[in-house]
Amino acid sequence: MVDTNNKYEPLTVETLAARLGSIKSITNLIGGDTSKWTVKEVGDGNLNLVFIVTGDAGSIIVKQALPYVRLVGDSWPLPLKRAFFEYHALTRQAERDPDSVPEIYHFDEAQAIIVMEFFTPHIILRHSLMAGTKHEGMAKVLGQFCARTLFRGSDLSMDAAKRKADVALFVDSVALCDITETLVFSDPYFDAERNHHTPQLDGLVAELRADIDLKVEAQHLKSKFCNNAETMLHGDFHTGSVMVTETETKVIDPEFALYGPIGFDIGMLLGNFWMAYFAQPGHASAVGEREEYQNWILGVVDEVWVEFSSEFSKLWREERTGILYEKALFEDQGHNLASEQALAHRLQHIWEDTLGFAGVEMIRRTLSLAHIAENDTIENEELRADCEARGLKLGRQLVVNRSRMNSMATVNDLARIIAKEAK
Ligand code: SR1
Ligand code: MG
Numbered sequence: 000m001v002d003t004n005n006k007y008e009p010l011t012v013e014t015l016a017a018r019l020g021s022i023k024s025i026t027n028l029i030g031g032d033t034s035k036w037t038v039k040e041v042g043d044g045n046l047n048l049v050f051i052v053t054g055d056a057g058s059i060i061v062k063q064a065l066p067y068v069r070l071v072g073d074s075w076p077l078p079l080k081r082a083f084f085e086y087h088a089l090t091r092q093a094e095r096d097p098d099s100v101p102e103i104y105h106f107d108e109a110q111a112i113i114v115m116e117f118f119t120p121h122i123i124l125r126h127s128l129m130a131g132t133k134h135e136g137m138a139k140v141l142g143q144f145c146a147r148t149l150f151r152g153s154d155l156s157m158d159a160a161k162r163k164a165d166v167a168l169f170v171d172s173v174a175l176c177d178i179t180e181t182l183v184f185s186d187p188y189f190d191a192e193r194n195h196h197t198p199q200l201d202g203l204v205a206e207l208r209a210d211i212d213l214k215v216e217a218q219h220l221k222s223k224f225c226n227n228a229e230t231m232l233h234g235d236f237h238t239g240s241v242m243v244t245e246t247e248t249k250v251i252d253p254e255f256a257l258y259g260p261i262g263f264d265i266g267m268l269l270g271n272f273w274m275a276y277f278a279q280p281g282h283a284s285a286v287g288e289r290e291e292y293q294n295w296i297l298g299v300v301d302e303v304w305v306e307f308s309s310e311f312s313k314l315w316r317e318e319r320t321g322i323l324y325e326k327a328l329f330e331d332q333g334h335n336l337a338s339e340q341a342l343a344h345r346l347q348h349i350w351e352d353t354l355g356f357a358g359v360e361m362i363r364r365t366l367s368l369a370h371i372a373e374n375d376t377i378e379n380e381e382l383r384a385d386c387e388a389r390g391l392k393l394g395r396q397l398v399v400n401r402s403r404m405n406s407m408a409t410v411n412d413l414a415r416i417i418a419k420e421a422k
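Taking numbering that gives the first Met the number 0, the leading residue of the sequence shown gets 0, the next gets one more, and so forth.
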């Protein structure tokens, strides 16, 4: 499957058919007559080329890493090896939560190409949140995806040797890990070169950068991110990494996969939902028109956490076969209550981490390099700044006060209060 003799070259719409047209695993799926192929480049992320290739028998996605950050250009080189990490993450996620991620049809490490399942008519969740569309069953799938991939990739479940080999494999993903360490945990808290923000936020940004408690807590969270290799994370689990129809939900793009704290993926996801919540007035056609939809988003947040914690608890009780909290010490001694106590403690840690990571994600998406479309597409700068400011306020509360917030209802109430505050 892996061809190491071919020198890397980026694909183009014009060259793709000639370059991939003789690969059996592809032609079997979409048809071998390449004169009938249509190729469209659709990459709207920050890093890669993404093509939809359609033949007379079907369609596929061809994703290729570029040797630099697409968002910035070739002044910021980035290793092609991220495709290798994405490939390995996808195969693991498919085992741990079947049917949640695209099937891989072909992988070429030297060309940094992954050919995978094309989800259609799915769209990127972030776009759907701007359009105000609801998705049945989505919260359940996302909560279960987090529980299954995070539990089954951890020392609570995995065979010790396999898990140590996996930690060693992903520890090489230095450049992408560095992006997260820098853009999420450091840049927002000083005037870093790549930062940018909506000018009307100048005052609030200065306040946040002078906020000692915030800076210290953000660094405690960075320390957790760097030092707590609890499980294989998706690593970039925002609403741009989820594809949806009205009834189906899929997870894509785990190229930032690494070993880190369990709360990181869920936190990033919830932080993106809360930002989408605050951005709704920027997408409403009349004042108040999105209030019901905003409530739906908060309901999703609540349900993701409920599903995550109940699935995680189920896996704890049924699949705890790793080196941590061995059943030999608990259930086998008749100490079921102690096992439940240990589970409650673990969930409490994950809860606090989740809130903290959600908070730093919300802050970085407004102050650092990579922002979110929900805010960026609000043309009226005053309105955009207003939506962003509310997100920053909740983000700050989550980072600084995460250990004092004991239920999702409390956090969602706080979001509602911040959303209603006068400018
Ligand atoms: C330079 S890459 C910027 C951001 O895009 C990715 O999706 C990650 O979120 C990263 O932080
Ligand atoms: Mg991505």
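Note that CB positions come from ideal geometry on N, CA and C, so glycine has one too.
Assumed close pair residue i, residue j - CB separation to whole angstroms, cut-off 8 Å
| i | j | result |
| --- | --- | --- |
| V114 | I25 | 6 Å |
| F272 | V300 | 5 Å |
| N355 | S153 | Position check: residue 355 holds Gly in this sequence, whereas Asn was assumed. Their Cβ separation, rounded to whole angstroms, is 19 Å, which puts G355 and S153 out of contact at 8 Å. |
| L368 | D186 | 7 Å |
| G131 | H237 | No, G131 and H237 are not in contact; Cβ-Cβ is about 19 Å, not under 8 Å. |
| F169 | M129 | The pair is not a contact, with the Cβ atoms about 33 Å apart (cut-off 8 Å). |
| I59 | L28 | 6 Å |
| N47 | K62 | 6 Å |
| R208 | F189 | 6 Å |
| L175 | E254 | 7 Å |
| V12 | V38 | 5 Å |
| G270 | G358 | 7 Å |
| P260 | N294 | About 30 Å separates the two Cβ atoms, so there is no contact after all. |
| D53 | W36 | Going by the sequence as given, residue 53 is Thr instead of Asp. Right, the Cβ-Cβ distance comes to about 7 Å (below 8 Å), so this counts as a contact. |
Three-state class that DSSP yields for residue i in the structure shown
| i | result |
| --- | --- |
| I322 | coil |
| V1 | Caution is warranted here: a pLDDT of 48 is assigned to V1, below 50, making its placement in the model unreliable, and the coordinate value is therefore given only provisionally. Correct three-state label for V1: coil. |
| N47 | strand |
| Y7 | coil |
| W75 | strand |
| F277 | helix |
| R18 | helix |
| S473 | Outside the shown range of the chain, which is 0 to 422, sits residue 473, and nothing can be said about it. |
| A337 | helix |
| M231 | strand |
| K422 | coil |
| T37 | strand |
| Q428 | As displayed, the chain neither begins before 0 nor continues past 422, which places residue 428 out of reach and without an answer. |
| S308 | helix |
| L436 | No information on residue 436 is available, as it lies outside the stretch 0 to 422 that the chain covers here. |
| M129 | helix |
| A369 | coil |
| G57 | strand |
| V106 | Sequence inspection shows Phe at residue 106; the Val mentioned does not correspond to that position. Three-state DSSP puts F106 in a strand. |
| A93 | helix |
| E424 | In the structure as shown, the chain starts at 0 and stops at 422, and residue 424 therefore has no counterpart that could be examined. |
| G259 | strand |
| I29 | helix |
| K392 | helix |
| A327 | coil |
| A146 | helix |
| A285 | coil |
| A111 | coil |
| A64 | strand |
| I377 | coil |
| V100 | coil |
| V183 | helix |
| V12 | coil |
| G298 | helix |
| V170 | coil |
Does the structure place the region 256-264 close enough to the region 367-386 that three or more beta carbon pairs sit under 8 Å? no
Given 8 Å as the limit, is there contact between the region 198-205 and the region 133-151, that is, 3 or more CB pairs closer than that? no
Determine, using beta-carbon pairs with one atom in the region 157-173 and one in the region 336-349, whether at least three such pairs fall under 8 Å. no
Mind the definition here: the region 272-287 touches the region 240-249 only if three or more C-beta pairs lie below 8 Å; say whether that holds. no
Three or more beta-carbon pairs under 8 Å between the region 334-346 and the region 174-184, yes or no? no
Three or more C-beta pairs closer than 8 Å, one from the region 92-106 and one from the region 32-52: is that the case here? no
Contact set, ligand 2 heavy atom to C-beta under 7 Å: G44, N45, L46, D235, G239, S240, D252 and E254
Three or more beta-carbon pairs under 8 Å between the region 17-24 and the region 79-91, yes or no? no
May I ask you to verify whether the region 382-399 touches the region 294-314, counting CB pairs closer than 8 Å and requiring at least 3? no
For the pair the region 397-409 and the region 210-229, tell me if three or more CB-CB distances fall below 8 Å. yes
Residue ranges of each alpha helix (DSSP H) within the region 208-252, 4 or longer: 211-226
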